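Asks: Protein chains in written order, with our numbering: chain A, 1 to 166; chain B, 1001 to 1391; chain C, 2001 to 2106; chain D, 3001 to 3709. Quick one: structure below, then a few questions.
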Amino acid sequence: MGITFYLIAAITLAGALAAMTLKHLVHAALAVTVAFAGLALFFLNLDAQFAGFAQILIYIGAVAILVVFAILLTRGSDLPKDGVFSHTWFVGFAIAAGIFAVLGWAVLASAKALPSESAVPAVTVHDIGVVLMGRYVLPLEIVALLLTAATIGAVIVALHEKERAR
Amino acid sequence: MVEKADQVFVLLQHWLISFLPAVLQPAAAVLLGVIAIVCVFPGLFALTTIFERKGLGRIQNRLGPNRVGPFGLFQPVADGIKALIKEDIVPTSANPAVHFLAPVILVVAVFMGFAVLPMGRNMVLVDMDAGLLFFFAMGASTELSVFMAGWSSRNKYSLLGAMRAVAQMISYEIILLLSSVAVVMTAGSLSLPKIVAAQNQYSYGLPHWYIFTPWGLAAFVMYAIAATAETNRSPFDLPEGESELVAGYHTEYSGFKFALFFLGEYLAMFSISGLGTTLFLGGWTAPLSVLAWIPSWIWFFGKVMISIFVFIWMRGTLPRLRQDQLMNFAWKFVLPFTLLDLLVTAFWRFMGEGWLRWVVSTAILAGAYVFMGRVGMYKEHFGSRTYRYAE
Amino acid sequence: MASVSPLTAYLVVAALLFSIGLAGALVRRNAIMVLIGIELMLNAANLNFVAFWRYSPHPEALTGMMFAIFSIAVAAAEAAVGLGLVIAIYRHTQTTDLDKMNRMKG
Amino acid sequence: MLAQNALPLLDFGNVPIPPQAWIVRWLWLIPALPIIASGIISLMKQPRRRLSAGLAIAALSSSLLLSLSAFVYVINTKSLLSHFGFDPMVREVFNRPWFHFGNSPVDLGWLLDPLSAIMAVMVCFVGLLIFIYSVGYMAHDENFTRFFCFMSLFAGAMLGVVVANSMLLLFMCWELVGLTSYLLIGFWYHKPSAAAAAKKAFITTRVGDVFFLLGIVWLFAQTGTLLFYNHGSGSLETFALQTLLSHHAALGLSAAGAIGLLIFAGAAGKSGQLPLHVWLPDAMEGPTPVSALIHAATMVAAGVYLIARVYPLMSAGMPLTASGEPAGTTTALVVVTWVGAATAVFAALIAVAQNDIKRILAYSTISQLGYMMAGLGLGGVAVGMFHLITHAFFKALLFLGAGSVIHGCHEEQDVRRMGGLKALMPATFITYAIGMLALCGFPIFFSGFWSKDAIIEAAHNSAFIKGPYYLLVFGALLTAFYMTRQVSYVFFGQGRGDGHAHESQRVMTAPLVILAFFAIVLGAIGTPAWPWFRAFLDGQAASFNIHTLFEAEFAKLLATSAVIVFLGLGLGWWLYGNKSPKAEEPDALEKAAPAIWAGLRDRLYVDELYGVTVIAFYYWWARVADWLDRRVWGGIVAAVAWIFKMFAQLNRLLDLHWVDGIFDKICEEFSTGGGIVSRVQNGRAQTYLRILAFAVIALAAILVWSARP
């Protein structure tokens, strides 16, 4: 529980909060990128090198870019005219707070039962590869199929329909 | 003596940190490495700019810079001073924070990539287990900075240039990654020093570089194409096509921020050349076993400089592509071919030693190349250009 | 906070992140921001997985890590399809405001 | 099947016959290949001309190869059997059960014996030549692929008739032949006359087929099997024939005789025998290759082939002498003989007064079919079949020649508008002349002479039926006469047509030359000196004996027929040779006897007779049925409908006031309730998400509450 943890937590939560509250969509997208980067740092801090780099590669390199593309394509970079939040925003915040209360209570209530091994796991990329190709080969194939389907699906969904072109 | 020359920088580092208490030694070693990288590559950048301008000059049948210093060698210094003392203009409508952060993030992310490149025997800053993944993660981060630069400038040319750059970089990053995966499959590691070590063998005095296999050659060609596109170099320099977009995403940058972009671009070129060298050209290993006495870092930087020369040469030779040609080329030719190359690599791996795998792999790749190039790309009009002149 | 074990701290951070994401998903009017909120929620879950993996008695089984990696891959697919849908909806309705997308009203 | 036939041979140990001959098992491929080809062609687009024609020809060529190997197999097996002292009759069958009819299984099968082997070879060969000829003849037709589809199907169906070993299979293929003949005759369906002719052919043959079907059913009822041969239990084998003979039908006929006559009615329909011949001349409306195929090799031959196939049934109960020679005849055969002989003369008479080149040939075909029938009735299978085979070749030759003439004269069919083509179309002329001489029975050198002579000889030698001999001889005279008339009109004299005639292309003349060659040489296999054909069919060895030609009895006959032929030729040449009358000028015979000429020209009023009798009767009957339908049945139906309508009215009232009222009330309540609930579904995704999250909180609360200590 070093200073690093608090620093990263602060960066991540600040990024997430900014993303959810900033008016300007591009700013929000950049803020969420900060949150993603913070999460990647969390992963590195947790000795999960592979997951951390994958997080950077996928979330910062792909998802964030995708989000800003979508924002620009839907003219989201203009400021919204009638408010960022929906008019019943209070209900939403209340429910989110309720969820946090439930989760927090659950975590704190079970704190004693949680494992707390502190030895750094000696896991190399090679081990991950072996497990991916061995025990988790079926999920891997399914994810591959899912990604293919998602790629095709996204292309088809977003395809420009010629008849409806204005 | 030979050994000493090879390890001169390592020994220097050890000698320097030996003056410090043991607690501080690891941190100091890293700090020294970082300082070395931060000093060497910008120096190389300065050297390359004059090299490029002179080279392009020769290609275009003129002299190039020749006023500042002997043979114009001090031109980069003059340029640097000019960039530093120039007024830093930020457009009024621009988003100042993002506008400022973009070049910084770019340069930082690019510098990060050098951390895992082995520049000589035992000369790697961090020997990371997932080094290659780290390199690509950092490479992916540059895209966002390009977008930030283009968007925050509030300029149509900047935004268009940024969008083009991002689209192009995303498309070609996949190819870059997949062509590297072929090497990873064979070497069995994501760690770059290990990949170099796997190539550090000789039979009949010739090295076991991956470029000297059918799949390796194919992967290298694809890697080179993708690297050119990834660094926005000609003929893939559409994001900065001055005839269309003024200067692309850094149109609104001036002074030192512009210099940072300039620096970032060249650093990206170095790092991607360095990675290509590491993956396919045996990194710091000598091309012939008899030449192994020459220090390894000389080989590494020599290979990188040759790649840089090829970049410059291409820039002086090839015309720019069209946007649709660029995308079609990436998705319809290079990507399928790279995927096929992955299959061939797996095939190579499991076929065992012998001449048969050479014949089969070469046949598959050559057949696919001819088929996809002739048949698949026929409609994309990549054939010889036709010119029409005014009557 | 010194008495809090590392895992608990990570879990609390993840819960906070999840709630922020959920709040965003519940109150933002823009569909893209709702998707970002959902991504944040997914990431919070990933953080939980990795944290559990790190502090579990058998990290060499790699279960939590694998879960996180697969979850990242699935999230990428989800983002692609979700944003594609947003763009498609935008083309039809010229808006990404969820409050205006109520044609399915019963 | 085969194994049982060949097993005794295996006892010798060194017999070179394989225990299972593949050709028997794969015999079905002979009809199947053209049928499959036609199926494939039917899927092709119209412009795929070369491919469709190529496919049809390739399929039929393959069938020809298979037929030839079957033929060779029969010859080889026969010589082997006779060499080892067995009965040299080759008859191998391959049967498969198809379905059960009550308790009796209905089998399908195919049969390889000399008759089917030689018939299959003939059909394939002549058909193939006609196919090749069609490529040239139909070259300009837009429905080229459809034509080859039909032709291929037609050839396949005919081959099915040939190899069938089951009355049922034979009948199915028989009907398929009928269908395709309808399609082909009506190929140019946009011509009303062609459409009418197709209909006429279809309906007329159907009249015969009804009797045929009755015969089949009767046969099945009596013998319990429809197979021809099945190792002693087939319907044409001794046991079944004995059963049939022991049953007596009406008029002193045995069941065998009655069934034989019913089957003959079917054969008469297909082969255009006397009462049912009317469709054949009209069938000339189809394209010429179709005429050639129908008239020479396939459809009309099917009837003769059928009689030859069921000959054991027809001749059942025939008294035999001690040496096995027939010592009497049966009623069925007598009927066949008389009908055949009458048809021969009748059709030949009509042919004299026709002016359409193809119509003359059509009547000639009917006449020759009469000869074949008479030959079957008088001399048995070999005599009739020999004429069938030779006739197939020279009649195909004549039809294709006629087609070539028509093609060359720009679709002109009237012989009076032709003339002088001898010089313009030399290849056609020479081959046509060969065909004509073969048909006339020009002595010694032409196949027609030997086959026709065999029939006349059989008629002369027959001790039981005398009349047909004179009819047949008169028919031969007429044949020579009308063919001379036709050839004189077409090829000699001055050209009378408009437009310039030209020789046809190679692809059309080449089949003519091949057919002409066979029209000459085919006679060699059936001369009395070397009766190979008869021996082949009867399963005996043939021996060469030149002296039979010079026996007094035979020489007398030979001389008679020669004299008759020359008389006919001379008469024809005297009246028409090199005269080149004008087209509008009355015929030479018409000047002599206008009344007879008019009768002959109008085809002896058979069509008109049918018009006032059968067709008029059907019209009247149809009118009665129509009246019944409209007044009686229609009235009943209307009454029933009215009653139901009344019921429906009653029902409607009930529905309107009671059922609907209650239902509407319930629906209203539902609608109000739904309106209240639907407020929750406001179409906003976030509302749903909130409900979901709220539910999670609620669930957690319940959990916490219930887990409370």
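Glycine residues also receive a C-beta, built at the ideal position from the N, C-alpha and C atoms. Nothing here was measured: the structure is a model prediction, and the numbers come from that model.
Given this structure, state the Cα-to-Cα distance separating C/Gln2094 from B/Trp1348, to the nearest angstrom.
Replies: The alpha-carbon atoms of C/Gln2094 and B/Trp1348 are separated by roughly 53 Å.
Asks: Sort D/Pro3105, D/Phe3394, D/Arg3601 and D/Gly3441 by Cα distance to D/Phe3517 and report the nearest one.
Replies: When each option's Cα is compared against that of D/Phe3517, the closest is D/Phe3394.
Asks: Under 9 Å between beta-carbons, which chain A residues line up against B/Ser1179? List them in chain order, please.
Replies: Those within 9 Å of B/Ser1179 in chain A number zero; the least Cβ separation is about 16 Å.
Asks: So what does D/Ser3166 bridge to, in DSSP terms?
Replies: DSSP output for D/Ser3166 lists D/Leu3227 as bridge partner(s).
Asks: Which residues of chain B have a Cβ atom closer than 8 Å to the Cβ of A/Ile65, listed in chain order?
Replies: Per Cβ cutoff of 8 Å: Glu1143, Leu1144, Phe1147, Val1166 and Ile1170.
Asks: So, for D/Tyr3576: in the same chain, excluding its five sequence neighbours on each side, which residues have a beta-carbon less than 6 Å away from its beta-carbon?
Replies: Hits under 6 Å: Arg3485 and Ser3488.
Asks: Do D/Leu3060 and D/Phe3131 count as a contact pair if the criterion is CB distance below 8 Å?
Replies: Yes; because the gap between Cβ atoms is below 8 Å, this pair is in contact.
Asks: The ligand ADP and B/Arg1053: does any heavy atom of the ligand fall closer than 7 Å to the residue's C-beta?
Replies: Although the ligand ADP was asked about, the structure shown includes no ligands whatsoever.
Asks: For B/Asp1129, which residues in chain A fall below 7 Å Cβ to Cβ?
Replies: Near B/Asp1129 (Cβ distances below 7 Å), the residues of chain A are Gln49, Thr124 and Val125.
Asks: Of all the alpha helix (DSSP H) runs that stay within the bounds of the stretch 3504–3577 of chain D, which reach a length of 4 or more residues?
Replies: The qualifying runs are 3506–3521, 3532–3538 and 3552–3576.
Asks: Output needed for D/Gln3004: all residues of its chain with C-beta closer than 7 Å, excluding positions within five of it in sequence on either side, in chain order.
Replies: Because D/Gln3004 carries a pLDDT of 43, less than 50, the predicted location of this residue cannot be relied on, and no value is offered for it.
Asks: How many angstroms separate the CA atom of D/Gly3266 from the CA atom of D/Met3373?
Replies: Their Cα atoms are separated by approximately 13 Å.
Asks: Use the C-beta contact count for B/Ile1175: other C-beta atoms within 10 angstroms, 16 or more gives buried, fewer gives exposed.
Replies: Result: buried.
Asks: Would you report the Cα separation of A/Pro121 and C/Asn2046, rounded to the nearest angstrom?
Replies: Roughly 18 Å between the two C-alpha positions.
Asks: Taking only three categories from DSSP, how would you classify D/Leu3112?
Replies: It is a strand residue.
Asks: Would you check if the distance between the CB atom of D/Ser3364 and the CB atom of D/Thr3288 is smaller than 8 Å?
Replies: No, these two residues do not count as a Cβ contact at 8 Å.
Asks: Is A/Val34 close to chain D? Criterion is C-beta to C-beta, closer than 8 Å.
Replies: Not an interface residue.
Asks: Kindly indicate if chain A contains any beta-carbon less than 8 Å away from that of C/Val2086.
Replies: Chain A contact via Cβ: present.
Asks: Taking 8 Å as the threshold (beta carbon to beta carbon), is B/Val1116 in contact with chain A?
Replies: Not closer than 8 Å to any Cβ of chain A, the Cβ of B/Val1116 fails to qualify, so no.
Asks: Is any beta-carbon of chain B found at less than 8 Å from that of A/Ile152?
Replies: Not an interface residue.
Asks: By the 10 Å Cβ neighbour count, where 16 or more other Cβ atoms means buried, how is A/Met133 classified, buried or exposed?
Replies: Burial call: exposed.
Asks: Check this for me: beta carbons of D/His3277 and D/Thr3343, under 8 Å apart or not?
Replies: Yes. Within cutoff.
Asks: Using the beta-carbon count (16 or more within 10 Å), is B/Phe1371 buried or exposed?
Replies: Result: exposed.
Asks: Answer with buried or exposed for B/Lys1303, where buried requires no fewer than 16 other C-beta atoms within 10 angstroms of its C-beta.
Replies: Buried: at least 16 other Cβ atoms inside 10 Å.
Asks: DSSP on D/Asn3651, reduced to helix/strand/coil?
Replies: Helix at D/Asn3651.
Asks: Can you confirm whether C/Val2034, when its beta carbon is compared against all beta carbons of chain A, has any partner nearer than 8 Å?
Replies: So no, C/Val2034 is outside the interface.
Asks: Check distances from the C-beta atoms of the stretch 3681–3699 of chain D to those of chain A and list, in chain order, the residues that come in under 7 Å.
Replies: Hits within the stretch, in order: Gln3686, Arg3690, Ala3693, Phe3694, Val3696 and Ile3697.
Asks: D/Val3123 and D/Met3158: beta carbons closer than 8 Å?
Replies: Yes, they are a contact pair.
Asks: Select from B/Gly1276, B/Asn1200 and B/Leu1125 the residue whose C-alpha is nearest the C-alpha of B/Ala1226.
Replies: Considering only alpha carbons, the answer is B/Gly1276.
Asks: Between B/Tyr1210 and B/Thr1186, how many whole angstroms is the CB-CB distance? I'm expecting something under 8 Å.
Replies: Yes, B/Tyr1210 and B/Thr1186 are in contact; Cβ-Cβ is about 7 Å, under 8 Å.
Asks: For the alpha helix (DSSP H) containing D/Trp3098, list its first residue and its last residue.
Replies: Counting along the chain, D/Trp3098 falls outside any alpha helix (DSSP H), though it belongs to the beta strand (DSSP E) covering Glu3092 to Phe3101.
Asks: Can you tell me which of B/Asp1324, B/Gly1367 and B/Phe1300 puts its alpha carbon nearest to the alpha carbon of B/Arg1121?
Replies: Ranking the options by Cα distance to B/Arg1121, first place goes to B/Phe1300.
Asks: I need the DSSP call for B/Ser1273, collapsed to helix, strand or coil.
Replies: Correct three-state label for B/Ser1273: helix.
Asks: Pull up the distance between the alpha-carbon of B/Pro1070 and that of B/Gly1064, whole angstroms please.
Replies: About 13 Å.
Asks: Shortest alpha-carbon distance to B/Val1310 belongs to which of B/Lys1082, B/Arg1233 and B/Leu1356?
Replies: For B/Val1310, the nearest C-alpha among the options comes from B/Arg1233.
Asks: Would B/Phe1212 count as contacting chain A if we go by Cβ distances under 8 Å?
Replies: It does not: the Cβ of B/Phe1212 has no partner Cβ on chain A nearer than 8 Å.
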